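To keep things clear, I will list the structure first and then write my remarks on it.
Dropping the structure here:
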(Lines of atoms letter the chains of each structure in order from A and count residues from 1; the text may use other names and numbers.)
(Lines give C-alpha, C1' and ligand atoms only; values in the text may rest on other atoms or scores of the structure.)
Protein backbone atom coordinates (compact mmCIF):
# COMPACT_ATOMS: atom_id res chain seq x y z
CA UNK A 1 0.00 0.00 0.00
CA UNK A 2 1.51 3.33 -1.11
CA UNK A 3 0.47 6.32 1.00
CA UNK A 4 0.67 10.10 0.71
CA UNK A 5 0.06 11.92 3.98
CA UNK A 6 -0.77 15.57 4.75
CA UNK A 7 -0.63 16.83 8.35
CA UNK A 8 0.56 20.28 9.42
CA UNK A 9 1.59 19.17 12.94
CA UNK A 10 5.19 17.93 12.46
CA UNK A 11 5.12 15.70 15.54
CA UNK A 12 1.91 13.92 14.51
CA UNK A 13 3.07 13.72 10.90
CA UNK A 14 6.36 12.05 11.78
CA UNK A 15 4.79 9.79 14.38
CA UNK A 16 2.10 8.59 11.98
CA UNK A 17 4.70 7.97 9.28
CA UNK A 18 6.74 5.84 11.70
CA UNK A 19 3.64 3.87 12.66
CA UNK A 20 2.72 3.16 9.06
CA UNK A 21 6.26 2.19 8.07
CA UNK A 22 6.46 -0.14 11.07
CA UNK A 23 3.51 -1.96 9.49
CA UNK A 24 5.49 -2.30 6.22
CA UNK A 25 3.37 0.34 4.49
CA UNK A 26 5.07 2.62 1.99
CA UNK A 27 4.75 6.32 2.91
CA UNK A 28 5.89 7.85 -0.37
CA UNK A 29 5.35 11.46 0.70
CA UNK A 30 4.48 13.38 3.90
CA UNK A 31 3.68 17.06 3.59
CA UNK A 32 2.21 19.91 5.63
CA UNK A 33 -0.12 21.78 3.27
CA UNK A 34 -3.05 21.03 0.98
CA UNK A 35 -1.22 22.39 -2.05
CA UNK A 36 1.73 20.11 -1.40
CA UNK A 37 -0.46 17.05 -0.98
CA UNK A 38 -2.15 17.57 -4.34
CA UNK A 39 1.26 17.85 -6.02
CA UNK A 40 2.43 14.72 -4.18
CA UNK A 41 -0.67 12.76 -5.24
CA UNK A 42 -0.21 13.81 -8.87
CA UNK A 43 3.46 12.80 -8.73
CA UNK A 44 3.33 9.53 -6.79
CA UNK A 45 -0.16 8.20 -7.67
CA UNK A 46 -0.61 6.54 -4.25
CA UNK A 47 -3.20 3.97 -3.26
CA UNK A 48 -4.35 6.03 -0.28
CA UNK A 49 -4.17 9.69 0.78
CA UNK A 50 -4.38 10.52 4.49
CA UNK A 51 -5.29 14.17 5.08
CA UNK A 52 -5.92 16.42 8.04
CA UNK A 53 -9.07 18.56 7.71
CA UNK A 54 -7.55 21.83 8.90
CA UNK A 55 -4.29 22.90 7.31
CA UNK A 56 -2.55 26.19 6.39
CA UNK A 57 -3.19 28.92 5.51
CA UNK A 58 -6.65 29.34 7.08
CA UNK A 59 -6.89 26.10 9.08
CA UNK A 60 -10.53 25.64 8.12
CA UNK A 61 -11.38 23.23 5.30
CA UNK A 62 -8.19 22.97 3.22
CA UNK A 63 -7.89 19.24 3.81
CA UNK A 64 -11.46 18.47 2.73
CA UNK A 65 -11.12 20.67 -0.35
CA UNK A 66 -7.88 18.90 -1.23
CA UNK A 67 -9.52 15.50 -0.72
CA UNK A 68 -12.44 16.37 -2.99
CA UNK A 69 -10.08 17.74 -5.65
CA UNK A 70 -7.80 14.70 -5.38
CA UNK A 71 -10.78 12.39 -5.95
CA UNK A 72 -11.83 14.50 -8.93
CA UNK A 73 -8.37 14.11 -10.47
CA UNK A 74 -7.92 10.48 -9.46
CA UNK A 75 -11.35 8.81 -9.01
CA UNK A 76 -9.86 5.52 -7.81
CA UNK A 77 -7.83 7.16 -5.05
CA UNK A 78 -8.80 6.04 -1.54
CA UNK A 79 -9.00 8.93 0.92
CA UNK A 80 -8.89 8.83 4.72
CA UNK A 81 -9.53 12.18 6.41
CA UNK A 82 -8.49 12.87 10.00
CA UNK A 83 -10.01 15.58 12.18
CA UNK A 84 -9.73 16.67 15.80
CA UNK A 85 -13.49 17.34 15.89
CA UNK A 86 -16.66 16.24 14.11
CA UNK A 87 -16.82 18.65 11.17
CA UNK A 88 -20.36 17.86 10.01
CA UNK A 89 -20.50 19.87 6.78
CA UNK A 90 -16.95 18.93 5.84
CA UNK A 91 -17.66 15.23 6.37
CA UNK A 92 -20.71 15.25 4.14
CA UNK A 93 -18.97 17.35 1.46
CA UNK A 94 -16.44 14.55 1.09
CA UNK A 95 -18.57 11.48 1.72
CA UNK A 96 -21.38 12.46 -0.64
CA UNK A 97 -18.90 12.97 -3.46
CA UNK A 98 -18.47 9.29 -4.23
CA UNK A 99 -19.02 5.73 -3.07
CA UNK A 100 -16.32 3.57 -1.56
CA UNK A 101 -12.69 4.15 -0.70
CA UNK A 102 -13.51 6.91 1.78
CA UNK A 103 -12.98 7.34 5.50
CA UNK A 104 -13.48 10.01 8.15
CA UNK A 105 -11.88 9.43 11.55
CA UNK A 106 -11.28 11.53 14.62
CA UNK A 107 -7.58 11.89 15.40
CA UNK A 108 -8.00 10.19 18.75
CA UNK A 109 -8.70 7.02 16.77
CA UNK A 110 -5.08 7.06 15.52
CA UNK A 111 -3.97 6.31 19.07
CA UNK A 112 -5.97 3.08 18.95
CA UNK A 113 -3.52 1.52 16.54
CA UNK A 114 -5.39 -1.64 15.58
CA UNK A 115 -8.65 0.27 14.97
CA UNK A 116 -6.84 2.86 12.87
CA UNK A 117 -4.99 0.30 10.77
CA UNK A 118 -8.19 -1.70 10.26
CA UNK A 119 -9.98 1.45 9.05
CA UNK A 120 -7.09 2.31 6.74
CA UNK A 121 -7.14 -1.14 5.16
CA UNK A 122 -10.92 -1.04 4.69
CA UNK A 123 -10.66 2.30 2.91
CA UNK A 124 -7.76 1.09 0.77
CA UNK A 125 -9.86 -1.93 -0.24
CA UNK A 126 -12.63 0.35 -1.49
CA UNK A 127 -14.80 0.34 1.63
CA UNK A 128 -15.85 3.05 4.04
CA UNK A 129 -14.69 3.84 7.56
CA UNK A 130 -16.61 6.49 9.45
CA UNK A 131 -15.78 7.26 13.06
CA UNK A 132 -18.53 6.08 15.44
CA UNK A 133 -18.65 9.54 17.03
CA UNK A 134 -19.23 11.10 13.61
CA UNK A 135 -22.03 8.62 12.97
CA UNK A 136 -23.61 9.32 16.36
CA UNK A 137 -23.60 13.08 15.91
CA UNK A 138 -24.92 12.92 12.37
CA UNK A 139 -27.73 10.65 13.52
CA UNK A 140 -28.82 13.16 16.14
CA UNK A 141 -28.88 15.94 13.54
CA UNK A 142 -30.52 13.96 10.74
CA UNK A 143 -34.17 14.76 11.39
CA UNK A 144 -35.36 16.46 8.22
CA UNK A 145 -35.97 13.44 6.00
CA UNK A 146 -38.93 11.45 7.34
CA UNK A 147 -37.62 8.26 5.76
CA UNK A 148 -34.97 8.08 8.45
CA UNK A 149 -37.69 8.18 11.07
CA UNK A 150 -39.08 4.95 9.65
CA UNK A 151 -36.08 3.03 11.00
CA UNK A 152 -36.45 1.13 14.23
CA UNK A 153 -33.83 1.64 16.99
CA UNK A 154 -32.20 -1.68 16.05
CA UNK A 155 -32.13 -0.74 12.36
CA UNK A 156 -30.44 2.53 13.32
CA UNK A 157 -27.85 0.53 15.26
CA UNK A 158 -27.21 -1.64 12.21
CA UNK A 159 -26.95 1.35 9.88
CA UNK A 160 -24.52 3.06 12.25
CA UNK A 161 -22.25 0.00 12.18
CA UNK A 162 -22.59 -0.22 8.40
CA UNK A 163 -21.39 3.38 8.27
CA UNK A 164 -18.31 2.39 10.26
CA UNK A 165 -17.56 -0.12 7.50
CA UNK A 166 -18.41 -3.32 9.36
CA UNK A 167 -19.61 -6.36 7.43
CA UNK A 168 -22.65 -8.43 8.36
CA UNK A 169 -20.75 -10.91 10.51
CA UNK A 170 -18.96 -8.17 12.45
CA UNK A 171 -22.26 -6.35 12.98
CA UNK A 172 -23.84 -9.56 14.27
CA UNK A 173 -20.98 -10.05 16.72
CA UNK A 174 -21.17 -6.43 17.91
CA UNK A 175 -24.93 -6.57 18.48
CA UNK A 176 -24.93 -10.20 19.68
CA UNK A 177 -27.47 -11.33 17.10
CA UNK A 178 -27.39 -13.83 14.23
CA UNK A 179 -26.16 -13.12 10.72
CA UNK A 180 -29.68 -13.80 9.52
CA UNK A 181 -31.08 -11.11 11.82
CA UNK A 182 -28.57 -8.59 10.50
CA UNK A 183 -29.44 -9.50 6.91
CA UNK A 184 -33.13 -8.97 7.69
CA UNK A 185 -32.46 -5.57 9.31
CA UNK A 186 -30.45 -4.45 6.28
CA UNK A 187 -33.23 -5.49 3.91
CA UNK A 188 -35.64 -3.44 6.03
CA UNK A 189 -33.30 -0.45 5.96
CA UNK A 190 -33.08 -0.56 2.16
CA UNK A 191 -36.86 -0.84 1.89
CA UNK A 192 -37.59 1.99 4.34
CA UNK A 193 -35.07 4.29 2.63
CA UNK A 194 -36.56 3.44 -0.78
CA UNK A 195 -33.29 2.00 -2.06
CA UNK A 196 -34.15 -0.40 -4.85
CA UNK A 197 -31.43 -2.74 -6.18
CA UNK A 198 -29.58 -1.44 -9.24
CA UNK A 199 -26.33 -2.28 -10.98
CA UNK A 200 -25.07 1.30 -10.68
CA UNK A 201 -25.49 1.94 -6.93
CA UNK A 202 -24.12 0.09 -3.91
CA UNK A 203 -27.20 0.20 -1.65
CA UNK A 204 -25.09 -0.34 1.46
CA UNK A 205 -23.05 2.81 0.79
CA UNK A 206 -26.07 4.72 -0.51
CA UNK A 207 -27.91 4.14 2.79
CA UNK A 208 -25.05 5.72 4.72
CA UNK A 209 -24.65 8.62 2.31
CA UNK A 210 -28.40 9.26 2.43
CA UNK A 211 -28.47 10.33 6.05
CA UNK A 212 -25.12 12.13 5.78
CA UNK A 213 -26.48 14.24 2.94
CA UNK A 214 -29.69 14.87 4.87
CA UNK A 215 -27.69 16.04 7.90
CA UNK A 216 -25.88 18.58 5.72
CA UNK A 217 -29.21 20.07 4.58
CA UNK A 218 -30.39 20.16 8.19
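Numbering (my numbering), first residue to last: 595 to 812. For every residue, glycine included, the Cβ atom is placed at its ideal position computed from N, Cα and C. On a predicted model such as this, the values are computed, not experimentally measured, just so you know.
| Query | Result |
| --- | --- |
| Looking only at DSSP bridge pairs, what is residue 677 linked to? | 700 |
| Any idea what DSSP makes of residue 744, helix, strand or coil? | coil |
| Ordered along the chain, which non-local residues of its own chain (more than five positions away) have a Cβ less than 6 angstroms from that of residue 790? | none |
| With H, G and I counted as helix, E and B as strand and the rest as coil, what does DSSP make of residue 736? | Low confidence applies to residue 736: its pLDDT is 47, below 50, so where it sits in the model is not reliable enough to give any reading. |
| Under 6 angstroms Cβ to Cβ from residue 784, same chain only, skipping five residues before and after it: list those, please. | 797 |
| Hey, how far is the Cα of residue 761 from the Cα of residue 670? | 22 angstroms |
| Is residue 660 closer than 8 angstroms to residue 674 when the C-beta atoms are compared? | no |
| Could you tell me if residue 677 is buried or exposed, where buried requires 16 or more neighbouring beta carbons within 10 angstroms of its beta carbon? | buried |
| Is residue 755 helix, strand or coil by DSSP? | helix |
| Tell me whether residue 772 sits in a helix, a strand or coil according to DSSP, three-state version. | coil |
| Measure the alpha-carbon distance for residue 757 versus residue 596 and round it to whole angstroms. | 25 angstroms |
| Check for me: the beta strand (DSSP E) holding residue 722 runs from which residue to which? | 722-724 |
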